[in-house]
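Visitor: Following this message is one structure expressed as C-alpha cells.
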Amino acid sequence: MDFSEYQVHHRFYEKTVATIEALYPAPQDLCFVCVQHAFLPTLKFLSAIDDQVAAIVPKGSSSKCNPDVVAQFSERFGGRMHGNITRAALADPAFAVAWLRRVTQGRPFAILEYGGYFAPAATAISRDPDLGPRLVGFVEGTENGIKGSDDGGTPGYQSVVSQLHHPVVSKSRSRIKAIMDIEIGPAIVYATDTIFRRNLGCSLRHWRGRSGVIGLGGIGKGVLQTLASENRQPDVFDTDPAVMAELSVRGNRVVSQRQVLQSSDLLFLNTGSCFLARSPELLDRLKDNVVIVLCTSGDVEAGVPQLVANGHLELCIAESTADIAVYKMHSGKRVRILLACDGVGQAPNMSLEDGSSSPANLMSDMEFYALGKYLGSAECRLVPGEIHNSPQTLEDPILQHWLNEFYPSCVASDEHSGTVQREHPVAETIPPGRRVPKPAGVLWQPELEEV
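Quick note on numbering: numbering that gives the first Met the number 0 labels position 390 of the sequence shown as 389, and the sequence is numbered without any gaps.
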C-alpha cells in the first residue's frame with residue numbers, strides 16, 4: 000500500500016497501534032474478523048494492522064456503490080477478502096460457525112463489525128466448543144446493530160447478549176463515534192447534491208421545494224445544520240420531546256410528523272426504526288414525487304424491503320436510474336428514493352469512496368482495533384453476557400494521537416523551549432465544553448434558496 004498521499008494518516012495509525020499494543024498486550028496470534036465499509040480510509044487502516052486481519056466482509060451498503068474500492072481490497076488482501084458473504088449468510092448459525100472456524104485457523108479472535116451481521120448467530124458462535132474458547136468478544140459499531148430493527152426482522156446484540164459467554168462492546172455511543180458522526184450529516188447532504196446534479200440537472204442550492212428532517216440524532220442534526228447554514232430551515236420532527244424542545248429553543252421549525260410528511264418535497268429520514276414499514280398508512284401522507292434520502296440503510300430506516308414485500312411500494316424500473324429509484328404507491332403517487340434500486344436503499348454518503356472524508360474516521364477505525372486488543376488482553380475486566388460501553392481510558396490515547404497529528408496547535412506548548420508537549424492528557428489540551436475542532440476539507444456548505 001502506498002501511503003505517500005496519506006503520510007499523516009499512516010503516522011497516526013503507526014503511533015496509535017504501538018501505544019495500544021503497549022497498553023493492552025494480547026496473544027501474538029490474536030486476529031480480527033471485520034465487517035467494515037468499502038471506503039479507501041478503511042483499506043488503509045486495515046493495511047496498517049495487516050497481519051492481524053483474519054477476514055474482511057465488506058458491507059453491502061458501501062461495496063455496491065464502490066466496486067473499484069472493493070477491487071482494491073481484494074487485490075490487497077487476497078483470500079482474506081470475502082466480498083461474496085452476505086448478511087443473510089452470517090445470520091445462519093451453521094454457516095457462521097463453519098466459516099469462522101475456517102478463517103480464524105485456530106487463533107484467538109475478536110469480531111469487529113458495523114451492523115450486527117453476526118448477532119443472529121452470536122449464541123452459537125459463543126457456545127461453540129472450538130470457537131468459544133478462542134473468541135475474546137464482539138465489538139459493534141452501530142446503534143442499529145445493538146438494538147436490531149424495530150420491526151423485529153433483524154435482531155441485534157441486545158436480544159441475544161444474555162445467552163453469550165463473551166462480552167459485547169458497543170462503540171455506537173462512544174465519544175469518538177460522536178465526533179465522527181458530526182461529519183456524516185454534511186456528507187449525506189453533499190452526496191445528495193451530487194446525485195441531484197447527475198440525475199436531475201440541478202444542484203440542491205437551486206432546489207425550490209420544501210425540505211424536512213425526521214430523526215434528529217447526531218447524524219440528523221448534522222443534516223439540519225448543513226441545510227440551515229444558508230438560511231433554509233427545514234421542517235423537523237423527532238419522537239423524543241427533549242430533542243424537540245431543544246430544537247425549538249434553538250429556533251428551528253419544529254412541527255408534527257404529519258406536517259413534515261405532508262409538506263416535504265425532499266425528506267431526510269434518520270430514525271433507524273422502519274417506521275414507514277410499521278405504519279404503511281403514513282405513505283398516503285407523502286407528497287407525490289417526494290424525494291426521500293435515507294440516512295441509514297433502507298432495511299432499518301424506512302423499511303423499504305418490507306414495504307415492497309407487502310405490496311405497499313412497487314419499483315418502476317423504467318422510470319428509475321442507478322441513483323434514484325422510483326416507486327409507485329397504491330394511490331398512484333410516486334416516491335423517489337435515493338440509492339434504492341436494489342429494493343433496500345442506502346445512505347447517499349455510501350456512494351463516496353471515502354465515506355464522509357473526515358479524518359475523524361481514523362479515530363473510529365482505531366477504536367475498533369483498540370477494543371479488539373483490549374478484549375484479548377489481561378487488562379480486560381468486562382463481564383461476559385453484557386453490553387459495555389467503550390472505556391474512556393481506551394479512547395484517550397487515540398484522541399491524543401489524533402490531535403497530535405491533525406491539530407498540533409491544540410496541544411500545549413512549552414513556553415521555555417518552544418517545543419510541543421505531546422504527552423499531556425486530552426482533558427488538559429481541550430478546554431471544558433469545547434468540541435474537538437472540525438477538520439477542514441470536503442464539507443459542503445450548500446447555498447440553498449429560501450422558499
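Glycine residues also receive a C-beta, built at the ideal position from the N, C-alpha and C atoms.
Counting beta carbon pairs with one atom in the region 55-73 and one in the region 93-100, are three or more of them shorter than 8 Å?
Guide: They do not touch, by the three-pair rule.
Visitor: Just the Cα atoms here: how many angstroms apart are valine 167 and tyrosine 368?
Guide: On the sequence shown, position 168 is the one that residue 167 refers to. On the sequence shown, position 369 is the one that residue 368 refers to. Approximately 14 Å between the Cα atoms of the pair.
Visitor: According to DSSP, is glutamate 394 helix, strand or coil?
Guide: In the sequence shown, counting from the first residue as 1, residue 394 sits at position 395. DSSP places glutamate 394 in helix when its eight states are reduced to three.
Visitor: From threonine 153 to proline 92, what does the alpha carbon distance come to, in whole angstroms?
Guide: Here residue 153 corresponds to residue number 154 of the sequence shown, with the count starting at 1. Here residue 92 corresponds to residue number 93 of the sequence shown, with the count starting at 1. Cα to Cα, the separation comes out at about 14 Å.
Visitor: For valine 321, count neighbouring C-beta atoms within 10 Å of its own C-beta (all shown protein chains included) and say buried if the count is 16 or more, exposed if not.
Guide: Residue 321 sits at position 322 when you count from the first residue of the sequence shown. The identity of residue 321 in the sequence shown is alanine, whereas the question assumes valine. Alanine 321 should be labelled exposed.
Visitor: Only counting the same chain, and skipping five residues up and downstream in sequence, which positions put a Cβ closer than 6 Å to that of threonine 191?
Guide: Sequence index remark: in the sequence shown, residue 191 carries index 192 (1-based). So the list reads Val292, Pro347, once near-sequence residues are dropped.
Visitor: Would the beta-carbon of leucine 338 fall within 9 Å of that of glutamine 345?
Guide: The residue given as residue 338 occupies position 339 in the sequence shown. The residue given as residue 345 occupies position 346 in the sequence shown. In this structure, glutamine 345 lies closer than 9 Å to leucine 338 by Cβ.
Visitor: Pick out the complete beta strand (DSSP E) segments inside the region 260-343, 3 residues or longer, and give them in chain order.
Guide: Taking only runs of at least 3 residues, the beta strand (DSSP E) segments lying wholly in the region 260-343 are 265-268, 289-293, 323-327, 333-337.
Visitor: What is the DSSP secondary structure of valine 419, reduced to helix, strand or coil?
Guide: If you number the sequence shown from 1, residue 419 lands on position 420. Residue placement at valine 419 is poorly supported in this model, since its pLDDT is 41, which falls under 50; the coordinates still yield a value, given next. In this structure, valine 419 counts as strand in the three-state DSSP scheme.
Visitor: Do you know whose CA, among Pro383, Asn403, Cys409, lies nearest glycine 136's CA?
Guide: By 1-based counting over the sequence shown, the position of residue 136 is 137. For the residues Pro383, Asn403, Cys409, the minimum Cα distance to glycine 136 belongs to Pro383.
Visitor: Arginine 197 to threonine 270, Cα distance in whole Å?
Guide: As a position in the sequence shown, residue 197 is number 198, starting the count at 1. As a position in the sequence shown, residue 270 is number 271, starting the count at 1. For arginine 197 and threonine 270, the distance between alpha carbons rounds to 27 Å.
Visitor: Got a sec? Which residues, its chain only, sit under 7 Å from isoleucine 124 by beta carbon, not counting five neighbours each side?
Guide: Position 125 of the sequence shown, counting from 1, holds the residue named residue 124. Same-chain partners within the cutoff: Ala95, Val96, Leu99, Phe117, Leu130, Leu134.
Visitor: If you draw a straight line from the C-alpha of proline 304 to the C-alpha of glutamate 182, how long is it?
Guide: Walking along the sequence shown from the start, residue 304 turns up at place 305. Walking along the sequence shown from the start, residue 182 turns up at place 183. Cα to Cα, the separation comes out at about 28 Å.
Visitor: Report the rounded CA-to-CA distance for proline 407 versus lysine 58, giving the unit in angstroms.
Guide: Within the sequence shown, residue 407 is the residue found at index 408, counting from 1. Within the sequence shown, residue 58 is the residue found at index 59, counting from 1. Rounded to the nearest angstrom, the two C-alpha atoms are 34 Å apart.
Visitor: How about methionine 349 and isoleucine 397: do their beta carbons lie closer than 9 Å?
Guide: As a first step, residue 349 is located in the sequence shown; it is residue number 350 there, counting from the start. As a first step, residue 397 is located in the sequence shown; it is residue number 398 there, counting from the start. No. Outside cutoff.
Visitor: Beta-carbon within less than 7 Å of cysteine 379's beta-carbon, same chain only, minus the 5 sequence neighbours each way: which residues are those?
Guide: Position 380 of the sequence shown holds residue 379. Counting only Cβ-Cβ distances below 7 Å, and skipping sequence neighbours, we find Tyr373.
Visitor: Apply the 10 Å Cβ neighbour rule to asparagine 360 and answer buried if 16 or more other Cβ atoms are within range, or exposed otherwise.
Guide: Looking up residue 360 in the sequence shown gives position 361. It counts as buried.
Visitor: May I ask you to list the residues that DSSP assigns as paired with cysteine 388?
Guide: Taking the sequence shown and counting its residues from 1, the one referred to as residue 388 is at position 389. Looking at the sequence itself, residue 388 is asparagine, so the reference to cysteine does not match. Partner(s): Ser169.
Visitor: What would DSSP say about aspartate 49, mapped onto helix, strand or coil?
Guide: For the purposes of this step, residue 49 is identified with residue 50 of the sequence shown, where counting begins at 1. Aspartate 49: helix per DSSP, three-state reduction.
Visitor: So within the region 165-242, which uninterrupted beta strand (DSSP E) runs reach at least 3 residues, ignoring any that extend past its ends?
Guide: If we require 3 residues or more, the beta strand (DSSP E) runs fully inside the region 165-242 come out as 167-169, 210-213, 234-236.
Visitor: Beta carbon of phenylalanine 31, beta carbon of leucine 111: below 9 Å?
Guide: Counting from 1 along the sequence shown, the entry for residue 31 is found at position 32. Counting from 1 along the sequence shown, the entry for residue 111 is found at position 112. Against a cut-off of 9 Å, the Cβ pair of leucine 111 and phenylalanine 31 comes out as a contact.
Visitor: So for alanine 439, helix, strand or coil by DSSP?
Guide: Here residue 439 refers to the residue found at position 440 of the sequence shown. Low confidence applies to alanine 439: its pLDDT is 34, below 50, so where it sits in the model is not reliable, and the reading given next is rough at best. Correct three-state label for alanine 439: coil.
Visitor: Can you grab the Cα-Cα spacing for the pair glycine 331 / aspartate 28, in whole Å?
Guide: Taking the sequence shown and counting its residues from 1, the one referred to as residue 331 is at position 332. Taking the sequence shown and counting its residues from 1, the one referred to as residue 28 is at position 29. For glycine 331 and aspartate 28, the distance between alpha carbons rounds to 59 Å.
Visitor: Taking a contact to mean a Cβ-Cβ separation below 9 Å, would you say threonine 225 touches proline 185 in this structure?
Guide: Translated into positions along the sequence shown, residue 225 becomes position 226. Translated into positions along the sequence shown, residue 185 becomes position 186. Taking 9 Å as the Cβ cut-off, threonine 225 and proline 185 qualify as a contacting pair.
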